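One structure below.
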Amino acid sequence: MSERPPISPRSPRAALEPEQVPPPPRRSERARNPFVVVGNAIITLLLLLMIGTGAAYYYGRQTLEAPGPLQEDKIVNIPQRAGKRDIADTLTREGVIDVNPWVFIASVFALKASSELKPGEYAFQKNASLRDVIGTMVEGKVVQHAVTIPEGLTSEQIVARLMDNDIFSGTVREIPREGTLLPETYKFPRGTTRDQVIQRMQQAQKRVVAEIWERRSPDLPVRTPEQLVTLASIVEKETAKPDERSRVAAVFVNRLKQKIKLQSDPTIIYGLVGGKGTLGRPIKRSEIAQPSPYNTYVIDGLPPGPISNPGRASLEAAANPARTRDLYFVADGTGGHSFTETYDQHQKNVAKLRAMEKQIQNDTVEPADEPPPPAANPPPADAAPTSATGKPAPKKPARARQGAVQPTATPRVVQQ
Numbered sequence: 020m021s022e023r024p025p026i027s028p029r030s031p032r033a034a035l036e037p038e039q040v041p042p043p044p045r046r047s048e049r050a051r052n053p054f055v056v057v058g059n060a061i062i063t064l065l066l067l068l069m070i071g072t073g074a075a076y077y078y079g080r081q082t083l084e085a086p087g088p089l090q091e092d093k094i095v096n097i098p099q100r101a102g103k104r105d106i107a108d109t110l111t112r113e114g115v116i117d118v119n120p121w122v123f124i125a126s127v128f129a130l131k132a133s134s135e136l137k138p139g140e141y142a143f144q145k146n147a148s149l150r151d152v153i154g155t156m157v158e159g160k161v162v163q164h165a166v167t168i169p170e171g172l173t174s175e176q177i178v179a180r181l182m183d184n185d186i187f188s189g190t191v192r193e194i195p196r197e198g199t200l201l202p203e204t205y206k207f208p209r210g211t212t213r214d215q216v217i218q219r220m221q222q223a224q225k226r227v228v229a230e231i232w233e234r235r236s237p238d239l240p241v242r243t244p245e246q247l248v249t250l251a252s253i254v255e256k257e258t259a260k261p262d263e264r265s266r267v268a269a270v271f272v273n274r275l276k277q278k279i280k281l282q283s284d285p286t287i288i289y290g291l292v293g294g295k296g297t298l299g300r301p302i303k304r305s306e307i308a309q310p311s312p313y314n315t316y317v318i319d320g321l322p323p324g325p326i327s328n329p330g331r332a333s334l335e336a337a338a339n340p341a342r343t344r345d346l347y348f349v350a351d352g353t354g355g356h357s358f359t360e361t362y363d364q365h366q367k368n369v370a371k372l373r374a375m376e377k378q379i380q381n382d383t384v385e386p387a388d389e390p391p392p393p394a395a396n397p398p399p400a401d402a403a404p405t406s407a408t409g410k411p412a413p414k415k416p417a418r419a420r421q422g423a424v425q426p427t428a429t430p431r432v433v434q435q
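For the sequence shown, the numbering used here assigns the number 20 to the initial residue and increments by one for each residue that follows.
Right under this line is the structure:
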């Protein structure tokens, strides 16, 4: 049994006084060193900063990678000169993102894309994350609109189509020279200037013509690429059937070699209306013999320039025509043409077409109860022919007039 210390008696007054607590030990001189104090503070701040950075990184990564609110793919146009706040507002309004604009701006800075956001029309994918949205605008993956320019249009008609298309901007300073534009399907982003479209079509035309010119037939009776384009433009206007182009080209090439006038009706029309392209009515008899630099019923050889903008297929056909002796062709009543080497056979094809179309016309006209009265005013002598049949001269007959291949027309052969 341990002994207890003796209890010393205390006076009542001393018992009421609180016991004295010993003072804390004094800090060592080393702990009071200012360098230690500053170091401790720095370590504390670094720890807090690391914790904050880790939390921010986690939150930022979650924000960047989280699926967006888009329920389906959507095209959004970011206007020119839009600031980051404007872009954020546009994306929020279109439902592409659902974060605070300042979060979007912070994300742009975090991805080092502050100066790389490009305006334009973008296609954002369904549930695109914030990272995907920013990446799409940084890479400039704008929507490309397909624009098809049909073959055989004049430069004036092509410019009119460009002016009617609202995806382009600006105006065309001047109408390009005929035959210098390549009809094709192109892709352009919204906002492309119309002058840029023209330049691209001209560059494509130069490249294609140069390639085809190098592969032309060695006995082709044209001396320059420009003449090749002129010949191809006539072929383009004469037929729309791909399998006929090389044979139509052969007819004109054979005529050029034999010094026979080409007698192509589309050249008459171009001489009358120029770049407008269409006459809007049949050709009159008087216009067939009307002098014009483009009227191949009057001039020898090719006209001074193209009458349209031919496509690649017509250029290929003109450079490498079929190996035939054909000198004539006439509409066959089914959308194509009949080709012949002699005028006699050509006349038989013309008569066959006339009989076919007359029969079709008789089958479609209901018989009247009484015969109609004779016409009080017969048609004028200058009225235009109504078919695609040739208009032959006495010794060098022509081929079919382009454009009237419908079986409902009544053909007439017009002798010059």
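Glycine residues also receive a C-beta, built at the ideal position from the N, C-alpha and C atoms.
Please read these numbers as outputs of a predicted model, since none were measured by experiment.
Cβ atoms of residue 124 and residue 147 stay farther apart than 8 Å, at about 18 Å. The region 153-207 contains, as complete beta strand (DSSP E) runs of 3+ residues, the segments 163-167 (chain order).
In the DSSP annotation of this structure, residue 357 is not part of any alpha helix (DSSP H); the continuous beta strand (DSSP E) holding it starts and ends at 356-359. As DSSP reads the structure, residue 97 sits in a beta bridge with 139. Straight through space, the alpha carbons of residue 219 and residue 245 are spaced by roughly 19 Å.
By the criterion of a C-beta distance shorter than 6 Å, residue 205 is surrounded in its chain by 166, once the five residues flanking it on both sides are discounted. Counting only the Cα atoms, residue 162 lies some 16 Å from residue 115.
Excluding sequence positions up to five before and after residue 320, its CB lies within less than 7 Å of the CB of 275, all in the same chain and listed in chain order. One alpha carbon belongs to residue 299, the other to residue 257, and they sit about 17 Å apart. Membership of residue 289 in the alpha helix (DSSP H) is indicated by the continuous run 284-292.
DSSP places residue 259 outside both helix and strand once states are collapsed to three, so it counts as coil. Residue 221 and residue 259 have their C-alpha atoms spaced approximately 23 Å apart.
Sequence-distant Cβ neighbours of residue 236 in its own chain, meaning closer than 6 Å and more than five residues away, are 339.
Counting along the chain, the unbroken beta strand (DSSP E) around residue 350 starts and ends at 347-350.
DSSP places residue 212 in the strand class (E or B) of the three-state scheme. Taking residue 99 as reference, the option from 140, 354, 82, 243 with the minimal CA-CA separation is 140.
For residue 321, no alpha helix (DSSP H) encloses it, and the DSSP letter there is neither H nor E. Collapsing the DSSP output to three states places residue 242 in coil.
For residue 113, there is no enclosing alpha helix (DSSP H), since its DSSP letter is neither H nor E. A contact is defined here as three or more CB-CB pairs under 8 Å, and the region 248-255 meets this definition with respect to the region 328-342.
Note on residue 224: 16 or more other CB atoms within 10 angstroms of its CB, so buried under the neighbour-count rule. Excluding five sequence positions before and after residue 283, the CB atoms of its chain that fall closer than 6 Å to its own CB belong to 253, 315, given in chain order. In the DSSP annotation of this structure, the continuous segment of the alpha helix (DSSP H) that includes residue 276 starts and ends at 264-276.
Under the three-state reduction of DSSP output, residue 146 falls in the coil class, being neither helix nor strand. Residue environment analysis places residue 337 among the buried positions, since at least 16 neighbouring C-beta atoms fall within 10 angstroms of its C-beta. By the beta-carbon neighbour count (other beta carbons within 10 angstroms, threshold 16), residue 170 is buried. For residue 313, the secondary structure class from DSSP, reduced to helix, strand or coil, is coil.
Short of 6 Å from the beta carbon of residue 176, and not among the five residues preceding or following it, lie these beta carbons of its own chain, in chain order: 296.
The three-state reading of DSSP puts residue 382 in helix, counting H, G and I together.
In the structure shown, residue 280 adopts coil according to DSSP, grouped into three states. For residue 124, the uninterrupted alpha helix (DSSP H) run begins and ends at 120-129, by DSSP. Between the alpha carbons of residue 247 and residue 281 lies a gap of roughly 15 Å. Annotation for residue 333: the continuous alpha helix (DSSP H) segment containing it runs 331-338. For residue 118 against residue 149, the beta-carbon gap comes to about 7 Å, under 8 Å, which counts as contact. Under the three-state reduction of DSSP, residue 104 is assigned to helix.
CA-CA distance, residue 212 to residue 189, rounds to 5 Å.
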